[in-house]
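Chemist:
2 protein chains.
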Amino acid sequence: MLSKRAKYAIKTILYLYEHRSPTPISAKTISEKERIPYKFLENILRELKTHQVVKSIRGAGGGYVLAKDPNDITVAHLMRIIDGPIALIPCVSERFYESCGECENEETCRIRKLFAELRSEMVPVLEKSIVHLAGL
Amino acid sequence: MLSKRAKYAIKTILYLYEHRSPTPISAKTISEKERIPYKFLENILRELKTHQVVKSIRGAGGGYVLAKDPNDITVAHLMRIIDGPIALIPCVSERFYESCGECENEETCRIRKLFAELRSEMVPVLEKSIVHLAGL
DNA sequence: TTAATACCCTATAAAAATGATAGACTAATT
DNA sequence: AATTAGTCTATCATTTTTATAGGGTATTAA
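The listed protein sequences derive, respectively, from chains A and B.
Numbered according to this note's numbering, the first sequence spans residues 38 to 173.
Numbered according to this note's numbering, the second sequence spans residues 38 to 173.
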């Protein structure tokens, strides 16, 4: 399941994209408009900032703006930042690989093979940009 | 992520399938061979029994056998029994539908649309039988 | 220059989910 | 009757998730 955190992150980025302008958008505004608990949102925004998805402007009149071309911000990207791997088992994850420590031979593990196939079907769907998402 | 419980269930069914014979297989055997904590396994087996995936034979010499044609037991089926929905958000689940209670209009929610597409890509991969899984 | 706005950061807590164990009970076999 | 093995309920420990609290810092505008 997608965490609320990740869903909030997607909503936040979508909001920042659709309301983009020269002036930044405050966390307070996003919190109210998207009904995301303020402090929880701050936390998410900090994580997105760390990963250079958003930029922040401090002080009165400050807020957040997208840090890069919205065509380069994908849902998969946001999910990986917030929730970690897309794959349903860690031994088939590209970026968060971990041995499951259970099967004797990872190369021949059939559960692994099935979930590798699953992952390869999931990724293309999620690798769509926020621009694409906005257009759905 | 797939829960350990679901992974254990898949392993258990695969074991029952590959070691099927007129005599049932005890939970103890499965527990040892697949390194699944015994009491945890009992729990999983009970749930699988409730959903008529396995049958049990009580008493000495008893154990478990598959309750139906292995071609009709799919990984998706097991996952749904143990973990619930395949979909990553409940509002696009076929069998475990729940409103997310966040978006104003479910018909137009773009996050929903994307995750509906994701679900429709995932299901066919997981709707493969245990026979298919064994052959991978 | 000071009040207000708004981001920054650490810590903590409440709740839910996950993974596992305990123990008493029932049924069947040898 | 002793042993094997499934049944069932309860409980527990750990981790993850979902927040909240509160003090700080930077910037702007009155």
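For each residue, glycine too, the CB sits at the ideal point set by N, CA and C.
Under 8 angstroms Cβ to Cβ from A:TYR10, same chain only, skipping five residues before and after it: list those, please.
Modeler: Nothing about residue 10 of chain A can be reported from this structure: the residues present for chain A run from 38 to 173 only.
Chemist: Below 8 angstroms on the Cβ atoms is my guess for A:ARG57 versus A:ILE119; work out the distance and round it to an integer in Å.
Modeler: With 8 angstroms as the limit, A:ARG57 and A:ILE119 do not qualify as a contact, their Cβ atoms being about 21 angstroms apart.
Chemist: Looking only at C-alpha atoms, which of B:PRO127, B:ASP106, B:ALA46, B:GLU164 sits nearest to A:SER40?
Modeler: Of B:PRO127, B:ASP106, B:ALA46, B:GLU164, the residue nearest in Cα terms is B:PRO127.
Chemist: Which first and last residues belong to the alpha helix (DSSP H) in which A:GLY100 is found?
Modeler: It is not in any alpha helix (DSSP H) - A:GLY100 instead sits in the beta strand (DSSP E) that spans 100-103.
Chemist: Once DSSP output is grouped into helix, strand and coil, what is the label at B:SER157?
Modeler: Taken through DSSP and simplified to helix, strand or coil, B:SER157 comes out as helix.
Chemist: My parser needs the alpha helix (DSSP H) runs of 4 or more residues fully inside the region 98-155 of chain A; what are they?
Modeler: 112-119
Chemist: With the cut-off set at 8 angstroms, would you say B:TYR101 and B:LEU151 are in Cβ contact?
Modeler: no
Chemist: Could you tell me which chain A residues have their CB closer than 8 angstroms to the CB of B:GLU113, listed as they occur along the chain?
Modeler: It is Ala, not Glu, that sits at residue 113 of chain B in the sequence shown. What B:ALA113 touches in chain A: nothing, since even the nearest Cβ is about 10 angstroms away.
Chemist: So for B:VAL90, helix, strand or coil by DSSP?
Modeler: coil
Chemist: I'd like the list of long-range same chain contacts for B:ALA104, defined as Cβ closer than 8 angstroms, with 5 residues on each side in sequence excluded.
Modeler: Once the five neighbours on either side are set aside, the close Cβ partners of B:ALA104 are LYS86, GLN89, VAL90, VAL91, LYS92.
Chemist: Can you confirm whether the region 45-52 of chain A touches the region 152-162 of chain A when touching is taken to mean that 3 or more C-beta pairs between the two stretches lie within less than 8 angstroms?
Modeler: Too few Cβ pairs lie closer than 8 angstroms, so no.
Chemist: Mind listing the chain B neighbours of A:ILE126? Cutoff is C-beta to C-beta under 8 angstroms, in chain order.
Modeler: In chain order: MET38, LEU39, LYS44.
Chemist: Check B:ILE81 in the structure and name its three-state DSSP category.
Modeler: helix
Chemist: Mapping the DSSP letters down to three states, classify A:SER166 as helix, strand or coil.
Modeler: strand
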